[in-house]
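Residue numbers (UniProt numbering): 1 to 292.
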């Protein structure tokens, strides 16, 4: 398109295959926008375009990202306040006609798979290194591993006993971000192969840091979570290959119990038919049981 549309908190610059969102700085601007600076959103990352009436004589142009296309929105999981949504552009009501024009232009640019979840991240997360202070420790991410260094003033005895933690992205299955603006806000790393019973309280979990008043603020902890999540997703193919190799080695050493049971049942049928003697049946059955 090659055009520019300026709103109250951001400017959208339209290109042939994407829109560049530049967030303006200022005291009254959401701090998350200031932390993000700018973001390039490919049109293939969008599911829909909405134009609605806003507050106090405004209209709102909003791009709706596809599920799984943006690590920031995936990490946020619907917890962002409306005014902190980076996909909203608020305009004066007298620019509604112009907003309608761009809404239609964006709709025509949506890809054929717009309604489907994305199979990979299409929007870049903030780049590491990143770090922030939580209530009970400092979290840092260098692009390949996440480290938690506990504060003696806030960390639980369980975390002190476990010591400072370091997690390779290849060891992780995902993240869980709970906004510091709600009760029990935290950032938890979800480890591969963790017990299915589910994690306990974040303040007792060495794989989590907890937020508090002035600690783990949205503009610090959410970009951090998005960057970790993007790295985890990028590492998944290699991690899945390692897991398949591990399961394969385990399968070579130990047979499937269901398969063993079927073979013993078949031996029993041969024995009942008189095709195997008692000694032959017992010997074969013992061999199969030894493979478990």
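All C-beta atoms, glycine included, are put in the ideal place defined by N, C-alpha and C.
The UniProt domain "DUF4429" (12-106) contains, as complete alpha helix (DSSP H) runs of 4+ residues, the segments 31-36, 71-76 (chain order).
Nearest in C-alpha terms to residue 5, of all of 83, 106, 277, 47, is 106. Residue 112 counts as exposed, since fewer than 16 other C-beta atoms from the protein chains shown sit within 10 angstroms of its C-beta. Uninterrupted alpha helix (DSSP H) stretches at least 4 residues long and entirely within the UniProt domain "DUF4429" (139-228) occur at 157-162, given in chain order. Only residues of its own chain outside the window of five on either side were considered, and among them 41, 45, 46, 47, 73, 87, 123 have a CB closer than 8 Å to the CB of residue 65, listed in chain order. Between residue 218 and residue 32, the beta carbon gap of about 6 Å places them in contact (Cβ cut-off 8 Å). In the displayed model, residue 6 falls within a strand according to three-state DSSP.
By the beta-carbon neighbour count (other beta carbons within 10 angstroms, threshold 16), residue 27 is exposed. In terms of Cα proximity to residue 13, the closest of 39, 161, 78, 290 is 39.
In the structure shown, the three-state DSSP call for residue 122 is coil.
Within the same chain, 204 come within 6 Å of residue 158 by CB-CB distance, once the 5 residues on both sides are set aside. One thing to note: residue 179 has its Cβ within 8 Å of the Cβ of residue 79. Going by DSSP, residue 130 is part of the beta strand (DSSP E) stretching over 130-133.
Between the alpha carbons of residue 61 and residue 192 lies a distance of about 39 Å.
Take the alpha-carbon of residue 235 and the one of residue 222: they are about 20 Å apart.
Just so you know, the alpha carbons of residue 177 and residue 267 end up roughly 55 Å apart. The beta carbons of residue 208 and residue 187 sit closer together than 8 Å.
If you check the CB distance, residue 166 and residue 147 come in under 8 Å. When DSSP states are grouped into helix, strand and coil, residue 268 belongs to the helix group.
Rounded to whole angstroms, residue 213 and residue 260 show a C-alpha spacing of 58 Å. Shortest Cα-Cα distance from residue 91 to any of 116, 53, 109, 84 involves 53. By the CB criterion at 8 Å, residue 175 and residue 84 fall outside the cutoff. Under DSSP, residue 137 shares a beta bridge with 150. Apart from the 5 residues on each side of it in sequence, residue 173 sits with its Cβ closer than 6 Å to the Cβ of 190, 192 in its chain, given in chain order. Closest option to residue 9, judged by alpha-carbon separation, among 34, 51, 98: 34.
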